[in-house]
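Protein chains in written order, with the numbering used here: chain G, 269 to 603; chain Z, 2 to 503; chain X, -19 to 304.
All residues carry an ideal CB built from backbone N, CA and C; glycine is no exception.
Quantities reported herein were computed from a predicted structural model and do not represent experimental measurements.
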């Protein structure tokens, strides 16, 4: 019994507390709201849907950890999906096409990173702009049309199984694993956390923030591209606007997972929980018959609440720690 | 004479870890200019801010015109007729002078809520002309005016409240001779109107021009109030600085002839550092003494690469690193313990262990992969070495006391292998015991062949620890003294009077 | 020169002196584009073209006035497009429901004003960064618009549309006059009212506002309420022009208005800038759009080109500022 208590306290202290609570709450409410929630079929759908969202929001986690944001993920995914689809129906080799797609994602990411790191544009302006441009590019690539009937050796990425497990889930699992290692167990990840915790202190420690931004946004672009590829394989089609179905959910997944927009705290594990919670919310709303428009309203409300929670709890802990030791700042005023 | 306009009795104000004001008495009569002097940390600004309602005193009483008052915020102070001209500018950059002076009090056309710019400008012009600031264009946004003009606007703003008491905090810091004259003329006029003025300043020549009485504070305590003319400069500085400079720390320096840091005629882009040339040798602790605002921290930032110089050169270990970024300076062997360690030195919500390897990340984990366990082990070595008071390395830096936080920052640079470290106000806000530990650390460091540039506003500290001292005033290096060459109070005098003291 | 050009020229004459000293990139780029397109396409420099440009740019102009205010307080309002969508839908629905003209217009404007008020409260009291608060709000407003309209445009005939968008006074359609009035009103508020000075303080030195004794929260909410009113008016204008309630018609306005504001010289960090500059920024965006159409560039390429040019201009703007 004591061990249980101890692990509960550990959980409470961890930054993922709120997200776990949210997960529990959502699961409980959902099973009441719809009888078909807990069916095997439905759960499979949820996990498969969540896996695409997870892939898309995993790289974004790195960006948010630096205290920034990337609003171009959904349309970068769409662009890459469209380019990949067009190349495939024109007979290009599948491996080559995938590599090209990933590189394009990384390039978009580097572009964002340069805008933020070198030009010091505010991330939401820079990536919002990139988002619009990338959507325009996707429109050009598709010439307003939809591409479907993709080659049979490609679609398994989205709808195939390996050993009974859907491939998107396997891919998502690997992505989480890789990102977990990157963020928690490499110097790269450490530098990201440092930059996000205190950009000033990072500067005064000689950190090269431009490089870190380039890498973080590049990573976000990479996972966006990967997500776009999986999405296209699942839909067996591509059109310029396919990023719309994910829209703000990608940011919401990261925020719901407890990663703070202010940077420095959170991680990929939280994003995983966040993606699942979000997908469950959408799934339940579908089951109950709530129309898709109201779904995005719910997501908007969720984002506002989660960000507020994060800011509110930070302010509380700041106030607490201030009373505990010497306040250097107040001493500056003493002259 | 009548009752004092303002009277303060037994005022005490504490901040965590330090007593800024300790049982201070003070009074002000109408029509007098009462000068407040003291060295850094003496409590002058704190006293002023208590009167202005920015701080609330922990003990003591304040009387205004004989009546007991409590002033809870600056607005209440204004209601009592107490206005201030601060050192930091409170102007809105893209409003013009008139708009700034009358912010939130703008004149309207009768019966409308539309601002009557003409009327407002006429009023503003009135106050500015009184100050002799006739050249300030009322059409220009304040951001495009130079600092002297901006300060004039601050003063005009205070005057526009028709106050009974005005508190000046270093008002002439960026004024020219001519503008200072106008200010003094205006002060004389204000005296005739029976306005009481509290004048905080370091410039001795000014006390003689306008001061009626002078009060000296030291270490938060009230020392003495004299009438202007009763004491000469030398005696005044001695009151400010105190006579007992006990030996802070016994040092046995081991200085080698190798120059590890050289700056030549260094200038920054904002004229806060002017033609500074300093040298640092292996095994030395060189002190940078000076008043707040003398440009020492700005010089440190120039050397470290945070700011870029407009001219001049910086050499570290004979390598030209002028204008390079901080990461290259760090590679060359430099380290910086910033003045505000919580804002620039540590990630407060991160563990001690990760803070310690913040700079040396790639050396501690050369194979790219990090490990929490290895990090803890590594950090524990430094925790032991530096005697950091913590149960383990997992604790977040924000939970440590000031002294221990500073040790973590020192650990960070030791871990990075820095051999030329700038210590900027290293013992500020730290208790005596930890101070001693840090002094010992510094001594050990230089005896092992490293070099330290020590910036400190505590005269005892900078004199006690340094082998050599540069004294800065208003951005320039005005003197250099060796250990034992002169007494601390002479250094204090040079800090205050500049070249005139030599 | 059309009457519209002459009038707007006179309006700007006195300010031209002041602005030439520090003309933002938008002014030069506008001139460049005008020259470029007049060579590229036959009818660019025609009266009818300029008149249609003026009508087309009015909604964006009014939205950009609102965006100017938000940028001045160091933020960007990403909910303006969604709010625009909502207003068009709400207005047409109320007309459809038989509500008389003036009350229905007021309902539309009130809806946007309330949305603005909510934005202000979330930013001031919940302390959310402006972009995330408005991003979340955009989602909410868009879903309201889509739900109420069932995802499609709502058509309803009314004489007011032609009155607003085609009826001319002194050579300019009513809509354009309303746009000019909004610009003037915003300019007057910014330069001649206490609210305007408070906005400058919020953007340049919020401490100063505190010292002057005015609540920063209160001022923030006022800014967003004002943007709401402007968006409401813009929504009515837009709906009149497209003669319907459209839940996606406003998409992209928030981005283009940010571009217009930044290109017009308003800075995000200091409380510097003015609505007059924004006017040029809007002209830039609109002329670009119009020129592309006239040059027979297919709509498939239009959004990409516009997006690229706008982003490029923002980048150039930021680069120039860094040099200072």
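**Q.** C-alpha distance - residue 96 (chain X) paired with residue 45 (chain X), whole-angstrom precision
**A.** Sequence index remark: in the third chain, residue 96 (chain X) carries index 116 (1-based). Sequence index remark: in the third chain, residue 45 (chain X) carries index 65 (1-based). Rounded to the nearest angstrom, the two C-alpha atoms are 14 Å apart.
(Q) Let's see if you can read the secondary structure: which residues bound the alpha helix (DSSP H) around residue 167 (chain X)? (A) The count along the third chain starts at 1 and reaches residue 167 (chain X) at position 187. Start and end: 154 to 172.
Q | 7 Å Cβ shell around residue 294 (chain G) - same chain, five flanking residues per side excluded | A | Mapped onto the first chain, residue 294 (chain G) falls at position 26. Excluding positions up to five away in sequence, the list reads 545, 548, 549.
(Q) Can you check whether the C-beta of residue 412 (chain G) is within less than 8 Å of a C-beta belonging to chain X? (A) In the first chain, counting from the first residue as 1, residue 412 (chain G) sits at position 144. The beta-carbon of residue 412 (chain G) is placed less than 8 Å from the nearest beta-carbon of chain X.
**Q.** Near-chain Z residues of the segment 244 to 265 of chain X (beta-carbon distance less than 7 Å), N- to C-terminal order
**A.** So the close ones are 250, 251, 252.
Q: Can you tell me which of G:436, G:393, G:464 puts its alpha carbon nearest to the alpha carbon of residue 298 (chain X)?
A: Stepping through the third chain from its first residue, residue 298 (chain X) is reached at position 318. Considering only alpha carbons, the answer is G:393.
Q | Where residue 181 (chain X) meets chain Z, residues with beta-carbon distance less than 7 Å | A | Taking the first residue of the third chain as 1, we reach residue 181 (chain X) at position 201. Within 7 Å Cβ-Cβ: 93, 104.
Q) Counting only beta-carbon atoms, is residue 564 (chain G) nearer than 8 Å to chain X? A) In the first chain, the residue the question calls residue 564 (chain G) occupies position 296. Yes, its Cβ sits closer than 8 Å to a Cβ of chain X.
(Q) For chain Z, check one thing: does any of its Cβ atoms lie closer than 8 Å to the Cβ of residue 472 (chain G)? (A) Along the first chain, read from residue 1 onward, the residue named residue 472 (chain G) stands at position 204. So yes, residue 472 (chain G) belongs to the interface.
(Q) Does the segment 19 to 28 of chain X come into contact with the segment 215 to 225 of chain X, if we say contact requires no fewer than three beta-carbon pairs (one atom in each stretch) closer than 8 Å? (A) The segment 19 to 28 of chain X makes no contact with the segment 215 to 225 of chain X; the number of CB pairs closer than 8 Å stays below 3.
Q. Alpha carbon to alpha carbon, what distance is there between residue 212 (chain X) and residue 320 (chain X)?
A. In the structure as shown, chain X starts at -19 and stops at 304, and residue 320 (chain X) therefore has no counterpart that could be examined.
**Q.** Boundaries (first-last residue) of the alpha helix (DSSP H) holding residue 383 (chain G)
**A.** The sequence position of residue 383 (chain G) within the first chain is 115, counting from 1. Start and end: 362 to 385.
Q.
8 Å is my cut-off, CB to CB: does residue 375 (chain G) come that close to chain X?
A. On the first chain, position 107 is the one that residue 375 (chain G) refers to. Chain X contact via Cβ: absent.
**Q.** Contacting positions in the segment 102 to 133 of chain Z - beta carbon closer than 9 Å to chain G
**A.** Of all residues in the segment 102 to 133 of chain Z, none is placed with a Cβ closer than 9 Å to any Cβ belonging to chain G.
Q: Report yes if the C-beta distance between residue 243 (chain X) and residue 4 (chain X) is below 8 Å; otherwise report no.
A: Residue 243 (chain X) sits at position 263 when you count from the first residue of the third chain. Residue 4 (chain X) sits at position 24 when you count from the first residue of the third chain. The Cβ atoms of residue 243 (chain X) and residue 4 (chain X) lie closer than 8 Å to each other.
Q.
I'd like to know if the segment 470 to 481 of chain Z and the segment 288 to 297 of chain Z are in contact, where contact means that at least 3 CB-CB pairs between them fall below 8 Å.
A. Yes, since at least three Cβ pairs between the segment 470 to 481 of chain Z and the segment 288 to 297 of chain Z fall closer than 8 Å, the two stretches touch.
Q) Which stretch, first to last residue, makes up the alpha helix (DSSP H) that contains residue 141 (chain X)? A) Taking the first residue of the third chain as position 1, residue 141 (chain X) is located at position 161. Residue range 139 to 145 is occupied by the alpha helix (DSSP H) that includes residue 141 (chain X).
(Q) Taking 6 Å as the limit between beta carbons, can you name the residues of its chain near residue 541 (chain G), skipping five residues before and five after? (A) Numbered from 1 along the first chain, position 273 holds the residue referred to as residue 541 (chain G). Only 287, 291, 525 meet the Cβ criterion.
Q: Within 10 angstroms of the Cβ of residue 519 (chain G), are there 16 or more other Cβ atoms? Answer buried if so, exposed if not.
A: On the first chain, position 251 is the one that residue 519 (chain G) refers to. It counts as buried.
Q. What's the gap between the Cα of residue 534 (chain G) and the Cα of residue 582 (chain G)?
A. As a working mapping, residue 534 (chain G) is identified with position 266 in the first chain. As a working mapping, residue 582 (chain G) is identified with position 314 in the first chain. For residue 534 (chain G) and residue 582 (chain G), the distance between alpha carbons rounds to 13 Å.
(Q) Give me the chain X residues within the contact set of residue 172 (chain Z), using Cβ-Cβ distance strictly less than 7 Å, ordered along the chain. (A) Stepping through the second chain from its first residue, residue 172 (chain Z) is reached at position 171. For residue 172 (chain Z), there are no neighbours in chain X by C-beta distance under 7 Å, as the nearest C-beta there is about 17 Å away.
Q.
Can you pull the chain Z neighbours of residue 454 (chain G), defined as C-beta to C-beta under 9 Å?
A. Indexing the first chain from 1 puts residue 454 (chain G) at position 186. Per Cβ cutoff of 9 Å: 366, 369, 370, 371.
Q: Please report how far the alpha carbon of residue 286 (chain X) lies from the alpha carbon of residue 508 (chain G), in whole angstroms.
A: Position 306 of the third chain, counted from the first residue, corresponds to residue 286 (chain X). Position 240 of the first chain, counted from the first residue, corresponds to residue 508 (chain G). Rounded to the nearest angstrom, the two C-alpha atoms are 17 Å apart.
Q: For residue 113 (chain Z), count neighbouring Cβ atoms within 10 angstroms of its own Cβ and tell me buried if that reaches 16, exposed if not.
A: As a position in the second chain, residue 113 (chain Z) is number 112, starting the count at 1. By the 10 Å Cβ count, residue 113 (chain Z) comes out exposed.
Q) At least one CB of chain X closer than 8 Å to the CB of residue 423 (chain G): is that the case? A) Position 155 of the first chain holds residue 423 (chain G). It does not: the Cβ of residue 423 (chain G) has no partner Cβ on chain X nearer than 8 Å.
Q.
Does any residue of chain Z have a CB that is nearer than 8 Å to the CB of residue 173 (chain X)?
A. Taking the first residue of the third chain as 1, we reach residue 173 (chain X) at position 193. Judged by the 8 Å Cβ criterion, residue 173 (chain X) is in contact with chain Z.
Q: Determine the chain Z residues that contact residue 77 (chain X) at a beta-carbon separation under 7 Å, and present them in chain order.
A: Translated into the one-based positions of the third chain, residue 77 (chain X) becomes position 97. For residue 77 (chain X), no chain Z residue has a C-beta closer than 7 Å to its own C-beta; the minimum C-beta separation is roughly 36 Å.
Q | Cut-off 7 Å between Cβ atoms - residues of its own chain near residue 5 (chain Z), not counting five sequence neighbours on either side | A | Locating residue 5 (chain Z) in the second chain gives position 4, counting from the first residue. Once the five neighbours on either side are set aside, the close Cβ partners of residue 5 (chain Z) are 28, 29, 30.
**Q.** When Z:444, Z:397, Z:87, Z:299 are compared against residue 604 (chain G), the one with the closest alpha-carbon
**A.** As displayed, chain G neither begins before 269 nor continues past 603, which places residue 604 (chain G) out of reach and without an answer.
Q: Check the C-beta distance from residue 478 (chain G) over to residue 385 (chain G) and give it rounded, since I have them as a contact under 8 Å.
A: As a first step, residue 478 (chain G) is located in the first chain; it is residue number 210 there, counting from the start. As a first step, residue 385 (chain G) is located in the first chain; it is residue number 117 there, counting from the start. Contact flag correct, Cβ pair sits at about 4 Å.
Q | Residues within the segment 178 to 205 of chain X neighbouring chain Z, beta-carbon criterion of under 8 Å | A | Listed in sequence order: 178, 180, 181, 183, 184, 185, 187, 188, 189, 191, 192, 193, 194.
Q) Can we count residue 452 (chain G) as close to the ligand ATP, meaning its CB is less than 7 Å from some heavy atom? A) Among the ligands in the structure shown, none appear at all, so the ligand ATP cannot be discussed.
Q.
Less than 7 Å between C-beta atoms, sequence neighbours within five positions excluded: which residues of the same chain meet that for residue 10 (chain Z)?
A. One-based indexing of the second chain puts residue 10 (chain Z) at position 9. Excluding residues up to 5 positions away in sequence, 26, 61, 62 lie with their Cβ nearer than 7 Å to the Cβ of residue 10 (chain Z) in the same chain.
Q: Would you mind sorting residue 73 (chain Z) into buried or exposed? The rule is 16 or more other CB atoms within 10 Å of its CB.
A: Residue 73 (chain Z) sits at position 72 when you count from the first residue of the second chain. By the neighbour-count criterion, in which 16 or more other beta carbons inside 10 Å mark a residue as buried, residue 73 (chain Z) falls on the exposed side.
Q) Taking the Cβ atom as the reference point for each residue, do residue 394 (chain Z) and residue 406 (chain Z) lie within a distance shorter than 8 Å? A) Counting from one through the second chain, the residue named residue 394 (chain Z) turns up at place 393. Counting from one through the second chain, the residue named residue 406 (chain Z) turns up at place 405. For residue 394 (chain Z) and residue 406 (chain Z), no; Cβs fall outside 8 Å.
Q) Does the beta-carbon of residue 326 (chain G) have 16 or more other beta-carbons within 10 angstroms, so that it is buried, or is it exposed? A) The residue given as residue 326 (chain G) occupies position 58 in the first chain. Residue burial is scored here from C-beta neighbours: residue 326 (chain G) has at least 16 other C-beta atoms within 10 angstroms and is therefore classed as buried.
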